[in-house]
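To start, the structure under review is shown below, and the notes come after it.
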Amino acid sequence: MSDTTTDNSTRTGDDQDLGAAGSQLSTAPVEDSPSPDLPSLGVIGWARWFWRQLTSMRVALLLLLLLSLAAIPGSLIPQTGINEAQVADFRERHDVLAPVYDKLGLFNVYSSVWFSAIYILLFVSLIGCIVPRTWQFVGQLRGRPPGAPRRLTRLPAHTTWRTSADPEEVREAALALLRKRRFRAHAVGDAVAAEKGYLRELGNLAFHLALIVMLIAFAWGQLFKSEGNKIVVEGDGFSNTLTQYDDFKSGNLFTNDDLEPFSFDVEEFTGTYERTGPNRGTPRTYETEVTYTEGADGEEKNALIKVNKPLEIGDAKVYLVSHGYAPVVTVRDGKGEIVYQDAVPLLPLDNNVTSNGVVKVLDGYRNPQGKKEQLGFQAFFVPTFGGSASGTMLSQFPALDYPVLALNAYHGDLKADSGIPQSVYQMDKTKMKEFKDADGELLKKLLTPGETMTLPGGAGSITFEKDIKEWAGFQVVQEPGGGWALGGALAAIGGLAASLFVQRRRVWVRAVRGDDGVTVVEMAGLGRSESAKVPEELGDLAGTLYELAPGVPDPEPDSTPEPDGTLEPDGTPPEDPGAPGASGTTTSTDTDSQAVPAEGAEQQ
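Quick note on this note's numbering: the sequence shown kicks off at 297 and runs consecutively.
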């Protein structure tokens, strides 16, 4: 009886052909060998050649690489769909480079013609590659493993022994054993054919199908997405309509009707910070309590929005992205009448929430002469003032330990009625005049909560109230297809793992009665590629089957060669290696038993 044998000898001659036994271990398309006498292709031939190239896996991988490279400019160059202010600044600083970028579409990479062309070609390539392979794989699943080759000893891993059991009993035992080991097995003539590892090709197909799902999901998300930002002061609310946003951008196919109907009120913002140590000033808690409703007549619900823990309402997600302070100020005219009283959100400039902004009084104010005017105050706020001895107006800590508000005063026309949109955090001073102090300098003053700055000439006053509110910055995102993209990514990872770690392989067991009436058992295995797993698995199967059909001693040798040629050329009997796996791996010396590597077997 022979051990499990592995032989990587080079195949020679036509008799090495395995036929169907070595075929269909993969659904990859077979490339035809070029012929020196091919006729001219013509239009249809060239179209077919182009389609075959486009739908090859090699081209699909190349297009995927090109798509990754094409996305790099979108990360390095400002994009009009993301930050138009940065694009405008880039144009001002690069007079020569900006027109070139415009012609190449680098300011709008993801909607450019060349990026869309790569995207569409990759999409078509994947579909054209996957569809035929899927049908071929389905056909393989509906079929049965091919019958055993004529000489099993040519396969990379094989073993043989003699047994007293009947051939039918051996084949039945082999069929039951292989099915128990989750092989697809059936009897074919005098042998049993089995195959397993279909998960490899299934994983390969699932990986590429997942890529298609991801491409569709990303395209769908870009076309129908929306993203807006809104600053809401404690006590105020927000309704998800286009006019409520501070800034808003959306995909090309997005409409106002796609906005998720909801609204919410900010009840309280809570922020705590590290007081000591190297992380002093680092936020420990950032959370906002809100009351929200879904739809026009929805029931009020309470929610707590934290960083990276958004409020999800339908397809919309409300993220907490920023925080700042909104000092409450009261502006009075020369008669003491209140013309403005509100919390003024100021924008942070550093991690300690040093903030600046403006206070605009647009209506209701009259100067001492009774003429309508507008007032503007440049505001600079620090939640923790370092004191006049520090010589700087920078906050020392983000919490409200020692709040101070610095104000500069102006009067005139803020040009709010010019029809040109203005930022609420900036002031157009082209038609504004400075209020002067006693020294003829710009009127300015540092105020602590409760203090008032009086305007000269009976023009009125502004008071920094003791009530200092906080505001929270929210980002409302609607991006359909995000769940599909995540599912596609997970499926791609699973499919790739299956295609890399699962090996498709076949096993054959032949049991025939020899010339001396004793049953001869032959087992062989063939894998998609050369691997130690096939010989190891075959040895394990052979050892189990050997226990069910134990071997018998070989016949006594004599000096006369038997018709089947079992003697060596010098007349000596071959070495008896014993039971499967008992004495290691041996190499066959019979020229008809020359083993064929797995890769070569598939190509025959």
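All C-beta atoms, glycine included, are put in the ideal place defined by N, C-alpha and C.
- Task: Alpha carbon to alpha carbon, how far is G439 from A515? Give it in angstroms, no decimals.
- Result: Looking up residue 515 in the sequence shown gives position 219. Looking up residue 439 in the sequence shown gives position 143. Approximately 38 angstroms between the Cα atoms of the pair.
- Query: By Cβ distance below 7 angstroms, which residues in the same chain neighbour V396 in space, the five residues on each side in sequence not counted?
  - Reply: Along the sequence shown, one-based indexing puts residue 396 at 100. Closer than 7 angstroms at Cβ, skipping near neighbours: no residue.
- Would you call the CB atoms of T456 and V466 closer than 8 angstroms? As a position in the sequence shown, residue 456 is number 160, starting the count at 1. As a position in the sequence shown, residue 466 is number 170, starting the count at 1. No.
- Opening and closing residue of the beta strand (DSSP E) in which S757 lies: Here residue 757 is taken as the residue at index 461 of the sequence shown, counted from 1. The continuous beta strand (DSSP E) containing S757 extends over residues 756-774.
- Message: According to DSSP, simplified to helix, strand and coil, what is I634?
- Response: Stepping through the sequence shown from its first residue, residue 634 is reached at position 338. The DSSP-derived three-state label of I634 is strand.
- Message: Tell me the residue span of the alpha helix (DSSP H) that contains G903.
- Response: With the chain covering 297 to 900 only, the question about residue 903 has no answer from this structure.
- Message: Within a Cβ cutoff of 8 angstroms, which residues of the same chain sit near L834, ignoring the five residues on either side of it in sequence?
- Response: As a first step, residue 834 must be located in the sequence shown, where it is residue number 538. Cβ within range, chain order: T300, A453, H454, T455, V803, M819, A820, G821.
- Task: Below 8 angstroms CB to CB, which residues in the same chain sit around K829 once its five sequence neighbours on both sides are set aside?
- Result: Position 533 of the sequence shown, counted from the first residue, corresponds to residue 829. Taking C-beta separations shorter than 8 angstroms and ignoring five residues to either side along the sequence, the partners of K829 in its chain run Q799, R801, G823, following chain order.
- Query: Does any CB atom of chain D fall closer than 8 angstroms to the CB of L393?
  - Reply: Any reference to chain D falls outside this structure, which holds one protein chain only.
- Item | Beta-carbon proximity check, G620 vs P641, cutoff 8 angstroms | Counted from its first residue, the sequence shown places residue 620 at position 324. Counted from its first residue, the sequence shown places residue 641 at position 345. Their beta carbons are under 8 angstroms apart, which means G620 touches P641 by this criterion.
- Message: Using the Cβ count rule (16 or more neighbours within 10 Å means buried), how would you classify Q665?
- Response: Counting from one through the sequence shown, the residue named residue 665 turns up at place 369. Under a 10 Å Cβ-count criterion, Q665 is classified as exposed, with fewer than 16 other Cβ atoms of the shown protein chains found around its own Cβ.
- Item | Those residues which DSSP pairs with D543 across a bridge | One-based indexing of the sequence shown puts residue 543 at position 247. Under DSSP, D543 takes part in a beta bridge, and its partners are N525.
- Let me know if W767 comes out buried or exposed under the rule of 16 or more other beta-carbons within 10 Å of its beta-carbon. Within the sequence shown, the letter at position 471 stands for residue 767. Residue environment analysis places W767 among the buried positions, since at least 16 neighbouring C-beta atoms fall within 10 angstroms of its C-beta.
- Item | Cβ separation of A612 and V509, assumed to be a contact under 8 angstroms, to the nearest whole Å | In the sequence shown, counting from the first residue as 1, residue 612 sits at position 316. In the sequence shown, counting from the first residue as 1, residue 509 sits at position 213. So it is not a contact: roughly 23 angstroms between Cβ atoms.
- Task: Would you grab the beta carbon distance between F479 and K492 for me? Rounded to a whole angstrom, and I think it's under 8 angstroms.
- Result: The residue given as residue 479 occupies position 183 in the sequence shown. The residue given as residue 492 occupies position 196 in the sequence shown. At roughly 5 angstroms, the Cβ-Cβ gap stays under 8 angstroms, so F479 and K492 are in contact.
- Can you give me the Cβ contacts of A785 inside the same chain, cut-off strictly under 8 angstroms, excluding the 5 residues immediately before and after it? Here residue 785 refers to the residue found at position 489 of the sequence shown. Its chain contains A506, M510 as the residues whose beta carbon lies nearer than 8 angstroms to that of A785, once the 5 sequence neighbours on both sides are disregarded; these appear in chain order.
- Pick from V678, N652, T568 that is closest to T578, judged by C-alpha positions: Translated into positions along the sequence shown, residue 578 becomes position 282. Ranked by Cα distance from T578, the first of V678, N652, T568 is T568.
- Query: Roughly how many whole angstroms lie between the Cα atoms of E608 and P745?
  - Reply: Within the sequence shown, numbered from 1, the residue matching residue 608 stands at position 312. Within the sequence shown, numbered from 1, the residue matching residue 745 stands at position 449. Looking at the two C-alpha atoms, the distance is approximately 38 angstroms.
- Query: Can G610 and E669 be called in contact, C-beta distance under 8 angstroms?
  - Reply: For the purposes of this step, residue 610 is taken as residue 314 along the sequence shown, with counting starting at 1. For the purposes of this step, residue 669 is taken as residue 373 along the sequence shown, with counting starting at 1. No, Cβ-Cβ distance for G610 and E669 is not below 8 angstroms.
- Message: Quick check: what's the CA-CA separation for D554 versus E583?
- Response: Here the question's residue 554 lines up with position 258 in the sequence shown. Here the question's residue 583 lines up with position 287 in the sequence shown. Distance between the alpha carbons of D554 and E583: 28 angstroms.
- Got a sec? Which residues, its chain only, sit under 6 angstroms from R348 by beta carbon, not counting five neighbours each side? Start at 1 with the first residue of the sequence shown, and residue 348 comes out as number 52. Sequence-distant Cβ neighbours of R348 in its own chain, meaning closer than 6 angstroms and more than five residues away, do not exist here.
- Sheet register partners of T581 (DSSP bridge): Residue mapping note: residue 581 aligns to position 285 of the sequence shown, counting from 1. According to DSSP, T581 bridges with T568.
- Item | Sequence-distant residues of the same chain with beta carbon closer than 7 angstroms to A487, five excluded per side | The sequence position of residue 487 within the sequence shown is 191, counting from 1. Correct list, in chain order: G443, A444, W804, V805, R806.
- Message: Strictly by DSSP, which residues pair up with N598?
- Response: The residue you call residue 598 lines up with position 302 of the sequence shown. Bridge partners of N598: T587.
- Could you spell out where the beta strand (DSSP E) holding T456 opens and where it closes? Indexing the sequence shown from 1 puts residue 456 at position 160. Here the beta strand (DSSP E) through T456 covers 453-459.
- Between the Cα of L742 and the Cα atoms of N525, T688, K727, P694, which residue gives the shortest distance? Here residue 742 refers to the residue found at position 446 of the sequence shown. Here the closest residue by C-alpha is T688.
- Please check the pair V420 and F411, which I expect to be a contact at CB under 8 angstroms, by giving their CB distance rounded to whole angstroms. The residue you call residue 420 lines up with position 124 of the sequence shown. The residue you call residue 411 lines up with position 115 of the sequence shown. With 8 angstroms as the limit, V420 and F411 do not qualify as a contact, their Cβ atoms being about 15 angstroms apart.
- Where does R802 fall in DSSP's three states? Position 506 of the sequence shown, counting from 1, holds the residue named residue 802. If DSSP states are grouped into helix, strand and coil, R802 belongs with the strands.
- Item | CA-to-CA distance, A481 to R475, given in whole angstroms | As a working mapping, residue 475 is identified with position 179 in the sequence shown. As a working mapping, residue 481 is identified with position 185 in the sequence shown. Straight-line Cα distance between these residues: approximately 6 angstroms.
- Query: How many Å lie between I512 and L418 at the Cα?
  - Reply: For the purposes of this step, residue 512 is taken as residue 216 along the sequence shown, with counting starting at 1. For the purposes of this step, residue 418 is taken as residue 122 along the sequence shown, with counting starting at 1. Going by the C-alpha atoms only, they are around 11 angstroms apart.
- Can you name, in chain order, every residue of its own chain whose Cβ lies under 8 angstroms from the Cβ of E596, other than the five neighbours on each side? Your numbering for residue 596 matches position 300 in the sequence shown. If we look at E596 and ignore the five residues flanking it on each side, its Cβ neighbours are T587, Y588, T589.
- Message: My output table needs one value for P644: the three-state DSSP class, helix, strand or coil.
- Response: For this step, residue 644 is matched to residue 348 along the sequence shown. For P644, the secondary structure class from DSSP, reduced to helix, strand or coil, is strand.
- Query: Just how far apart, CA to CA, sit F346 and L448?
  - Reply: Working through the sequence shown from its first residue, we reach residue 346 at position 50. Working through the sequence shown from its first residue, we reach residue 448 at position 152. Answer to the nearest angstrom: the Cα atoms are 41 angstroms apart.
- Relative to the C-alpha of N955, which residue among F558, G682, D543, K399 is closest? Here the chain covers residues 297 to 900 and nothing more, so residue 955 does not appear.
- Query: What is the rounded straight-line gap between the Cα of S651 and the Cα of N552?
  - Reply: The count along the sequence shown starts at 1 and reaches residue 651 at position 355. The count along the sequence shown starts at 1 and reaches residue 552 at position 256. Going from the Cα of S651 to the Cα of N552 covers about 34 angstroms.
- Query: Would you say V383 and P374 are within 8 angstroms of each other, going by their C-beta atoms?
  - Reply: For the purposes of this step, residue 383 is identified with residue 87 of the sequence shown, where counting begins at 1. For the purposes of this step, residue 374 is identified with residue 78 of the sequence shown, where counting begins at 1. Closer than 8 angstroms, so yes.
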